[in-house]
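In what follows, a structure is listed as structure tokens, so that the remarks can point back to it.
There are 2 protein chains.
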Amino acid sequence: MTPAPKAVPDIVIGRLPLYLRALTYLAEEDRETTSSQELGDRLGISSAQIRKDLSHFGEFGKQGTGYSIQFLRQQLRRILHLEEEWEVALVGAGDLGQALAGYDSFVHRGFRIAVVFDRDPQKIGKTLGEFEIFDAEAMPTIVRDKGIEIAIIAVPAAEAQHVADTLIESGVRAILSYAPITLSIPSFVKIGYMDPLVHLQRMAFYLA
Amino acid sequence: MTPAPKAVPDIVIGRLPLYLRALTYLAEEDRETTSSQELGDRLGISSAQIRKDLSHFGEFGKQGTGYSIQFLRQQLRRILHLEEEWEVALVGAGDLGQALAGYDSFVHRGFRIAVVFDRDPQKIGKTLGEFEIFDAEAMPTIVRDKGIEIAIIAVPAAEAQHVADTLIESGVRAILSYAPITLSIPSFVKIGYMDPLVHLQRMAFYLA
């Protein structure tokens, strides 16, 4: 296995989690091998694209016999740095935070909510699902002490930039933001956005 | 204003909602004009890219004076077909459905949840936020009668394909799915996915 070269395009990296997810469903069906053709059919991606994406990282299949599902899952987890569980800070204990706190996919897919923050005195000290809600004021200390590098922002748009700044000052290097605003983020921090309206508006273009 | 040509790349369409969102924040700051430079700074997109994207649809700014925020918002709403409100069906009245039902951005950005479905007898007839929860069995009739073309799927992965099939048979042409699975969808239907783990896994690649 060659180490991941620096030059792999981000769009390729973005497809690897889809491959891993599809392989997990195949494993749950007690399947042992698959092919780029079958994966492609399930994902709406061409088999050639899948083979090309994977070839950035090594040789994972055998001509004629396809991929060992177990082996390819292991390799994708290794490539994506999911072999150990990442601790995640969740900021915002509203309805969305509640939904995220109850989402059991985190653990199975390499992440674990380690701490929840909110600035609302009515919420601090209470629980969100199984998590105690900590005062957002304690964010720098707790995030730094735990060495947390990944955070999810689930606060209103007006508060999101301040929260992001605080997280980054505290050592966070990857943020998934549900706040409907583009954040100003230094280039060494990875950012992902989850704004349903951006998707809905994009799709509306094609309707009517 | 020329009508949108068919050939505009989807990636360009995907940026228009970001421009519209940024313009809305500028308008809330009582600003009247902006520039591709300012928009670009706010969005982390080059000003040249913004000008090129907008040029697919006409001439919206004046050399030296920039863009009228109000006018450009109007034009983007027109291009994206957001001048009238779209009715949306929400399927799944769990924690995530609860968060979506309470999300006030829908209305301000061109959409309105018109009906909520769930298959759980414990939930049917109760309310989710301000919405009555209808039996998923009634989905074909209600979606068709209301002429709903857009739906949000917030059900577990194992149920999502069946829900999608039913929605599409009932006339839905655009689906935003929160279920962590790739759906099999005919090409005339637009699909968007919201799986936080796909983003987190992609970002984890760059850490460690």
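In order, the protein sequences belong to chains R and X.
The opening position of the first sequence corresponds to residue 12 in my numbering, with each subsequent residue numbered one higher.
The opening position of the second sequence corresponds to residue 12 in my numbering, with each subsequent residue numbered one higher.
The beta carbon of each residue, even a glycine, is placed where N, CA and C say it ideally should be.
Output the distance between the C-alpha atoms of residue i and residue j, rounded to the nearest integer angstrom.
i              : j              : result
S58 (chain R)  : A215 (chain X) : 25 Å
G140 (chain R) : Q81 (chain X)  : 43 Å
R89 (chain R)  : V23 (chain R)  : 15 Å
D156 (chain X) : V183 (chain X) : 12 Å
E148 (chain R) : R123 (chain R) : 22 Å
D146 (chain R) : T138 (chain R) : 12 Å
R130 (chain R) : F199 (chain X) : 45 Å
Q109 (chain R) : G72 (chain X)  : 43 Å
H210 (chain R) : T152 (chain X) : 26 Å
L29 (chain R)  : T193 (chain X) : 8 Å
L111 (chain R) : A38 (chain R)  : 25 Å
M12 (chain R)  : E70 (chain R)  : Residue placement at M12 (chain R) is poorly supported in this model, since its pLDDT is 48, which falls under 50; the coordinates still yield a value, given next. Cα-Cα distance, rounded: 8 Å.
V99 (chain R)  : T177 (chain R) : 15 Å
D64 (chain R)  : V118 (chain X) : 40 Å
Y114 (chain X) : D106 (chain R) : 9 Å
D41 (chain X)  : I61 (chain R)  : 48 Å
A33 (chain R)  : H92 (chain R)  : 18 Å
L208 (chain R) : D52 (chain X)  : 22 Å
R26 (chain R)  : Y36 (chain X)  : 32 Å
Q85 (chain X)  : P20 (chain X)  : 21 Å
S79 (chain R)  : K134 (chain R) : 47 Å
K7 (chain X)   : V174 (chain X) : As shown, chain X starts at 12 and ends at 219. That puts residue 7 (chain X) outside it, with no answer to give.
F142 (chain X) : L83 (chain X)  : 34 Å
Q48 (chain R)  : P197 (chain X) : 18 Å
P132 (chain X) : M150 (chain R) : 41 Å
G136 (chain X) : G136 (chain R) : 34 Å
So, using beta-carbon positions, are residue i and residue j closer together than 8 Å?
i              : j              : result
A104 (chain R) : I164 (chain R) : no
L50 (chain R)  : L87 (chain R)  : no
S188 (chain R) : A171 (chain R) : yes
E160 (chain R) : L218 (chain X) : yes
A168 (chain R) : A190 (chain R) : yes
V102 (chain X) : V166 (chain X) : yes
Please name the residue, chosen from the options, that lies closest to residue i on a Cα-to-Cα basis.
i              : options                        : result
T44 (chain R)  : R:I56, R:L111, R:A33 and R:G77 : R:G77
R213 (chain X) : R:H210, R:T193 and R:I186      : R:I186
G55 (chain R)  : X:Q60, X:H210 and X:G203       : X:G203
G158 (chain R) : R:L91, R:L83 and R:W97         : R:W97
E94 (chain R)  : R:P20, R:G121 and R:Q133       : R:G121
A125 (chain R) : R:G136, R:V154 and R:Q85       : R:V154
S116 (chain X) : R:G75, R:D206 and R:D52        : R:D206
S46 (chain X)  : X:G75, X:H67 and X:M150        : X:G75
H67 (chain R)  : R:P132, R:A18 and R:L83        : R:A18
Pull the bridge partners of residue i from the DSSP assignment, please.
i              : result
F122 (chain R) : R:W97
Y78 (chain X)  : X:T45 and X:G72
T138 (chain R) : R:E143
D129 (chain R) : R:D146
V102 (chain X) : X:F128 and X:I164
Below 7 Å, is the gap between the Cβ of residue i and the nearest heavy atom of the ligand SAH?
i              : result
G140 (chain R) : The ligand SAH is absent from the structure shown, which contains no ligands of any kind.
Minimum length 4: unbroken alpha helix (DSSP H) runs contained in the region 141-218 of chain R: Contiguous alpha helix (DSSP H) elements confined to the region 141-218 of chain R occur at 150-157, 168-180 and 207-217, taking only those with 4 or more residues.
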